[in-house]
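Below is one structure, written out as structure tokens, with a few remarks after it.
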Amino acid sequence: MKSVTLLLLLAGLTQAIDVPRKPHAPTGGGKKRLTFNETVVSKAITPSSISVEWIATAKDGEYVYQDGDGSLKIESIVTNQTKTLVPADKVPADSYSYWVKPDLSSVLWATNHTKQYRHSFFADYYIQDVESLASTPLVPDQVGDIQYAQWSPAGNAIAFVRGNNLFTWSDGSTAAITKDGGPDMFHGVPDWIYEEEILGDRFALWFSPDGEYLAFLSFNETGVPTYTVPYYMDNQKIAPPYPRELDIRYPKVSQTNPTVQLGLLKMGTKDVSAVSVDAFDAHEMVIGEVAWLSDSHDTVAVKAFNRVQDKQKVVAVDVASSQTKVISERDGTDGWLDNTLSMAYIGPINSKTESSAYYIDISDQSGWAHLWLFPIAGGEPIALTEGEWEVTSVVSIDKKQQLVYYLSTQRHSTERHLYSISYSSKKVTPLVDDTVSAYWSASFSSQSGYYILSYQGPDVPYQELYSVNQTKPIRTITSNSAVLEKIEQYALPNISYFELTIPSGETLNVMQRLPVNFSPQKKYPILFTPYGGPGAQEVAKSWQSMDFKAYIASDPELEYVTWTVDNRGTGFKGRKFRSAVARQLGLFEAEDQIYAAREAAKIPWIDGDHIGIWGWSFGGYLTSKVLEVNSGAFSLGLITAPVADWRFYDSMYTERYMKTLATNADGYNTSAVHLADGFKSVSGGFLIQHGTGDDNVHFQNSAALADLLMGAGVTPEKMQVQWFTDSDHGIRYNGDSLFLYRQLSKKLFEERSRPGKVLKHQWSRRNL
């Protein structure tokens, strides 16, 4: 979705504005403490940022944004002029997002939006003529049921999906490309599992650069098991007599996965060529990425994986003949292979002396994720970057100058700095001061001549506009000066970062938050807040939201220290560090959190009798596994929306790390939360929270966990279970979020106040 934030500082500023920041998180300059209402109910300190839609016009450096009054405007960096494309009073009612035709003559609007899954939504779509401002429905009889729509690069057509069928639109005429779409067949959009775990988006179609062809994926869910999610209230004030039941095709471990097929459509026709990728068994193959390896439409490539995603093949398809060729292979059976979604065509490295063309990709085949050049004809790849650090993303490619712009962890795994590298000379140039601790991102213009540089932390974020040929900003886009001023009214928790060496010799990144007015002469309870999932990262020197963790370090009746520890298996510290958890989720992750807790307990100002741990999703699973170990290191467990048994979770995520049940039954048995003694003995008890409408980590997990623990004799003094009616994985339905955080606050207050010895009811002292 495009930003609708007012571009307050954009127009009219021609002088560079210096916006200095400190290399650490702000601590404030006043005496006010953050309250529950200022952190959870509504965030009092929230930096803003803008995003723009760069447009590919003859002049580089033009972009479209939606102004604060709702109007759609185009800004030219070169001329410093702003033009209104659509006045505010002509913007369609209930507009949700927009896409501008490449020649700026029309705007495609999405309205009447209804959320589906994490990325997908249904909407009505309208095409608005910029000159007349008249709007025409994409489909006359649409009823908020269009799943996706996209302009072609030339702007002479639109591809869209409705009822899981693919259509094209051109000059007011619509053509049905597929007709068998339905509950079990998806064309051009992913099913639930591909959206959530593979593509990470709501579309599965890609125009060729010249707009002559459209590549798309089709997903056949025949035989995929269904999971039913009940909705007891279903957004009604009075509950219906029978819950509404949503059936989702949701393959779990070792169950049937959807099959996937690549199709090629020649635009202007209804002719679709089905391409036989044949990289792996069709019933087990996962297609992770589709990319055009051409400036026109000669070649399209598919990155395919085996079922458990530890073997990979890149298959090039000759569009004219539909012939296929494997041009790259990889074996990653020491762990898994990440789907980086980073393939991009760059052409010949030296067009004067060679005809072979290359594409760029991110691969960790050296043990660290780096940029590699792969020949489209096949053969040995060329390493562009190297070292014991990782490239996290490619942000732009300038084919004319033969430059790749990328973000990396070269200074430290918790940081991001922006660089360019010449893929002909391998010369690396930092675009930011990479000697200073910081977390950067960037958005480049269509021809890579300009970029918005976003400082994202650890201090208050800001954004500046740059030309690639200048070292000083053209202007400040977002200064967040009001946030800087407001912070000076508060005393904020003190955030710092350090590394903890574990017995194996590896180091864990730790983010520490000290309470307001911290004194080493006092004793403080501490709360661990891990996520800890494979490839994830929580400990980053980005802006840390003034949220619940800031609140519990600020409330004088709580004053918790927090530690966030990125255990083994998490991201950006190399393949070996990541792959350690393969086939045995929950083992090393729990060991690392327990070791960190024991180290924390040695600190004089930490109250070793009151060490809690709270996690959500994978973090909830990790909290459960930590308690299961029965180490005595933790006195309280707060478990939100956890996985309890990996057999309950989706196949494509789980098998990537755990492999199949047939090949790793012991691993699945031990990775499940299956022992109760640790839950019985945790001194401050534990809380389990889960939404009954969770379509991702099903409520089944917490239901089974509670049943296991009750059946094993865990007492009510130790266990509290809280469900949230109809809430999904985010737990926000009907005020649930406020209740959740109030409940967590109550548990933390009770834990801090809990004496060393607690009077116990008779059933806790003897067997009844």
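Those letters in the sequence shown? Residues -16 to -1, 1 to 752, per mature numbering (1 follows the signal peptide of the UniProt record, and there is no 0), in order.
We treat Cβ as the ideally placed atom computed from N, Cα and C, and that holds for glycine.
Evaluate residue i with the Cβ neighbour count: other Cβ atoms within 10 Å of its Cβ, from every protein chain shown; 16 or more gives buried, anything less gives exposed.
i, result
"His658", "exposed"
"Gln746", "Legend: pLDDT at Gln746 = 46, less than 50; position of this residue unreliable, value from coordinates given subsequently. Result: exposed."
"Gln473", "exposed"
"Leu559", "Reading the sequence as shown, one finds Arg at residue 559 and not Leu. Buried, because 16 or more other Cβ atoms sit within 10 Å of the Cβ of Arg559."
"Ala696", "exposed"
"Asn96", "buried"
"Thr143", "Note on identity: in this sequence residue 143 is Ala, with Thr being the wrong assignment. Buried: at least 16 other Cβ atoms inside 10 Å."
"Glu522", "buried"
"Lys506", "exposed"
"Phe358", "buried"
"Thr455", "exposed"
"Glu469", "exposed"
"His267", "exposed"
"Asp318", "exposed"
"Ser420", "For the record, residue 420 in the displayed sequence is Val; it is not Ser. The residue in question, Val420, is exposed, as its Cβ has fewer than 16 Cβ neighbours within 10 Å."
"Phe428", "buried"
"Asp294", "buried"
"Arg736", "buried"
"Leu752", "With a pLDDT of only 35 at Leu752, under 50, the local geometry of the prediction cannot be trusted, and the value read off the model is given with reservation. Per the 10 Å Cβ criterion, exposed."
"residue 822", "Since the first residue of the chain shown is -16 and the last is 752, residue 822 is not available in this structure."
For residue i versus residue j, is the C-beta distance shorter than 8 Å?
i, j, result
"Phe733", "Leu542", "yes"
"Gly570", "Tyr605", "yes"
"His713", "Phe632", "no"
"Asp345", "Met327", "yes"
"Gly331", "Lys383", "yes"
"Asn211", "Ile177", "Reading off the sequence, residue 211 comes out as Tyr, not Asn. The answer is no: Cβ separation not under 8 Å."
"Val292", "Ser312", "no"
"Phe289", "Val310", "no"
"Pro499", "Val549", "no"
"Leu402", "Ala367", "no"
"Val369", "Ile405", "Correcting the residue identity first, residue 369 is Thr in this sequence and not Val. Their beta carbons are under 8 Å apart, which means Thr369 touches Ile405 by this criterion."
"Ile182", "Met636", "yes"
Please report the straight-line C-alpha distance between residue i and residue j, rounded to a whole angstrom.
i, j, result
"Gln568", "His674", "24 Å"
"Thr709", "Pro700", "22 Å"
"Thr63", "Val48", "15 Å"
"Trp135", "Ser729", "48 Å"
"Asp691", "Leu671", "14 Å"
"Gly54", "Pro71", "8 Å"
"Val388", "Val284", "21 Å"
"Val3", "Tyr446", "Residue confidence for Val3 is low, a pLDDT of 45 falling below 50, so the modelled location carries little weight and cannot support an answer."
"Ile510", "Ile130", "49 Å"
"Arg750", "Gly669", "Confidence at Arg750 is low in this model, with a pLDDT of 41, below 50, so its placement is unreliable and the value that follows should be read with caution. When rounded, the distance between both Cα atoms is 18 Å."
"Tyr226", "Gly719", "23 Å"
"Ala(-6)", "Thr68", "A caution first: Ala(-6) carries a pLDDT of 34, below 50, which makes its placement in the model too unreliable to give a value."
"Asp282", "Leu693", "59 Å"
"Thr607", "Gly516", "10 Å"
"Gln220", "Leu230", "16 Å"
"Phe482", "Gly677", "39 Å"
"Tyr82", "Thr162", "26 Å"
"Arg738", "Phe105", "47 Å"
"Lys254", "Gly247", "12 Å"
"Gly592", "Trp424", "37 Å"
"Phe170", "Ser202", "5 Å"
"Ser529", "Thr308", "48 Å"
"Arg102", "Tyr80", "16 Å"
Taking the DSSP output, what are the residues bridged to residue i?
i, result
"Met530", "According to DSSP, Met530 bridges with nothing at all."
"Val270", "Phe289"
"Trp424", "Tyr439"
"Asp113", "Ser90"
"Glu46", "Ser60"
"Thr393", "Bridge partners of Thr393: none, in fact."
"residue 785", "The requested residue 785 is not part of the displayed model; the chain covers only -16 to 752."
"Ala475", "Gly12"
"Asp634", "Lys236"
"residue 815", "Because residue 815 is not part of the residues shown, which for the chain are -16 to 752, the question remains open."
"Arg314", "Gln296"
"residue 797", "Absent from the model: residue 797. The displayed extent of the chain is -16 to 752, so no value can be given."
"Lys250", "Tyr197"
Does the distance between the C-beta of residue i and the nearest non-hydrogen atom of the ligand PLP fall short of 7 Å?
i, result
"Ser711", "This structure simply doesn't include the ligand PLP, nor any ligand for that matter."
Which runs of the alpha helix (DSSP H) fall wholly inside the segment 3 to 42 and span at least 4 residues, in chain order?
-> Listed in chain order, there is nothing to give.
Uninterrupted alpha helix (DSSP H) stretches inside the segment 48 to 101 (no shorter than 4 residues) = none
Alpha helix (DSSP H) runs wholly inside the segment 659 to 706, at least 4 long, in chain order = Within the segment 659 to 706, the runs of alpha helix (DSSP H) at least 4 residues long that lie entirely inside it are, in chain order, 661 to 665, 684 to 695.
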